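>
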Amino acid sequence: MRNRRRWVTVIAATCASLSCAHMVEAAWATTTKNTGSTFAAGSIAAPTGLIATQPNGPNSNQLNWTLPSNPNQRGSAQTVSSNLDGGGYSTIATLTGSAVTDTDNSVLGDTTYCYQVTTTYSEWTAPTGPTCTLPVAPRAAVNAGGGATGNYMADTAYSGGSTGSTTAAINTSLVPNPAPQGVYQTERRGNFTYTGQGLTAFAAYTVRLQEAEITWTSVGQRTFNVKINGTQVMTNYDIIQAAGAKNKAIALTFNATADGNGNITVQFISVKDLAKLSGIEIL
Numbered sequence: 002m003r004n005r006r007r008w009v010t011v012i013a014a015t016c017a018s019l020s021c022a023h024m025v026e027a028a029w030a031t032t033t034k035n036t037g038s039t040f041a042a043g044s045i046a047a048p049t050g051l052i053a054t055q056p057n058g059p060n061s062n063q064l065n066w067t068l069p070s071n072p073n074q075r076g077s078a079q080t081v082s083s084n085l086d087g088g089g090y091s092t093i094a095t096l097t098g099s100a101v102t103d104t105d106n107s108v109l110g111d112t113t114y115c116y117q118v119t120t121t122y123s124e125w126t127a128p129t130g131p132t133c134t135l136p137v138a139p140r141a142a143v144n145a146g147g148g149a150t151g152n153y154m155a156d157t158a159y160s161g162g163s164t165g166s167t168t169a170a171i172n173t174s175l176v177p178n179p180a181p182q183g184v185y186q187t188e189r190r191g192n193f194t195y196t197g198q199g200l201t202a203f204a205a206y207t208v209r210l211q212e213a214e215i216t217w218t219s220v221g222q223r224t225f226n227v228k229i230n231g232t233q234v235m236t237n238y239d240i241i242q243a244a245g246a247k248n249k250a251i252a253l254t255f256n257a258t259a260d261g262n263g264n265i266t267v268q269f270i271s272v273k274d275l276a277k278l279s280g281i282e283i284l
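This is the structure:
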C-alpha cells in the first residue's frame with residue numbers, strides 16, 4: 002500500500018445572529034493514519050464550547066472556543082467558516098492550531114450566522130462534526146451608562162449625555178424577563194440619542210426601553226420625551242409616576258421600523274431635570 006497523506010477534519014459549530022446562546026460541539030473523531038491503519042476514537046479532538054457574543058456592538062461577532070486539554074489531540078491549523086441564513090459555508094479566517102478566538106467584523110442585522118471551527122492535522126483523517134441547525138433571533142441590548150452585564154453589551158452607539166450610577170438594589174417585580182441588576186443601576190442622562198445600526202432596511206423591530214429612577218423620590222421631579230426615528234412615542238414621561246417608587250424598574254415596548262439605511266434612532270429629550278435611560282434592546 003502506498004503511503005498517502007490525508008487530512009483530519011474535526012469541527013465545532015455554533016449559530017449566532019445579533020447575539021448567540023446556542024452551542025454545538027463535535028464528538029471525538031475516529032482517525033486513520035496515512036498507512037491505512039485505524040486508530041481508536043479520541044486520537045484527534047474538535048474544539049469545544051464554541052460560542053458567539055457581541056461585546057463590541059451589533060456589527061461584529063466574537064467567537065471563542067476551547068482546545069483539547071491534551072496537546073497531542075490538537076491540530077496544526079484551524080479554519081473559521083461562516084454560513085449566512087442557511088447558505089454554504091465560506092472561510093473567513095485561517096488560524097494557528099493554538100488559537101482560541103476570532104472576530105467576524107462583517108455582521109449584518111436580522112441575519113442568522115452559523116460558524117464552525119475546523120481543526121486539521123496532516124497525517125490523520127476523520128469525518129466532520131455536526132453543522133449548526135438552530136437559528137437565534139436577532140437581538141441587540143445595550144447597558145446605558147455601564148459595562149457589559151449578562152446579555153447586555155457595554156454602553157455603545159450613543160451620542161450626547163453623561164452617566165450616573167447607584168449601588169442600591171432595584172425592584173424588578175414590574176418587569177417580565179427583567180434585565181440584570183447592573184443595567185438598572187447605571188444610566189445615561191441628559192439630551193442624547195442611541196442609534197441601532199446594521200438592521201434590515203424597512204424591517205419591523207421592537208424597541209424595549211429599561212428604566213429605573215435612581216435619584217428622585219417624588220412625582221414631577223424628572224420628566225422627558227422620547228422619539229423613535231423622529232416620531233414622538235413618550236411625552237412628559239415620569240418614571241416615579243409609572244413605577245410607583247424610587248429604585249423600581251419598569252420596561253416600555255414600542256414597535257419601530259428601520260429606515261432605509263438600516264438604522265433605528267431613539268432620541269431622549271429633557272423636559273424637567275434630565276432625560277435618562279437604563280438600558281435599550283432592539284428585538
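Here this note's numbering runs 1 ahead of the position in the sequence shown, where the first position is 1.
By construction, the Cβ of each residue, glycine as well, lies at the ideal position given by its N, Cα and C atoms.
Note that the coordinates shown come from a computational prediction; the quantities given were computed from them, not determined experimentally.
Could you tell me the alpha carbon to alpha carbon distance between residue 179 and residue 145, rounded to whole angstroms?
Each residue's alpha carbon lies about 15 Å from the other.
> For residue 48, is the classification buried or exposed, using 16 other Cβ atoms within 10 angstroms of its Cβ as the cut-off for buried?
Buried.
> Tell me the rounded alpha-carbon separation between residue 167 and residue 188.
Distance between the alpha carbons of residue 167 and residue 188: 9 Å.
> Note down, in chain order, each residue of its chain lying with its Cβ closer than 6 Å to the Cβ of residue 134, except the 5 sequence neighbours on either side.
At residue 134 the pLDDT is 37, less than 50, meaning the model places this residue with poor confidence; the figure from the coordinates comes in the next sentence. None.
> Under the three-state reduction of DSSP, which class applies to residue 259: helix, strand or coil?
Here residue 259 sits in coil by DSSP.
> Using DSSP's beta-bridge definition, name the partner residues of residue 238.
DSSP lists 225 as partners of residue 238.
> Does the stretch 168-177 touch the stretch 223-236, meaning 3 or more C-beta pairs lie closer than 8 Å?
The stretch 223-236 is not in contact with the stretch 168-177.
> For the 8 Å Cβ check, are there 3 or more pairs between the stretch 148-167 and the stretch 227-247?
The answer is no - the stretch 227-247 does not touch the stretch 148-167, with fewer than three Cβ pairs under 8 Å.
> Here's the rule I'm using: 16 or more other beta-carbon atoms within 10 Å means buried, otherwise exposed. How should residue 267 be labelled?
So residue 267 ends up on the buried side.
> Which of the three DSSP states, helix, strand or coil, is assigned to residue 283?
Correct three-state label for residue 283: strand.
> Among the residues of its own chain, which have a CB less than 6 Å from the CB of residue 90, if the five just before and after it don't count?
The answer, listed in chain order, is 82 and 84.
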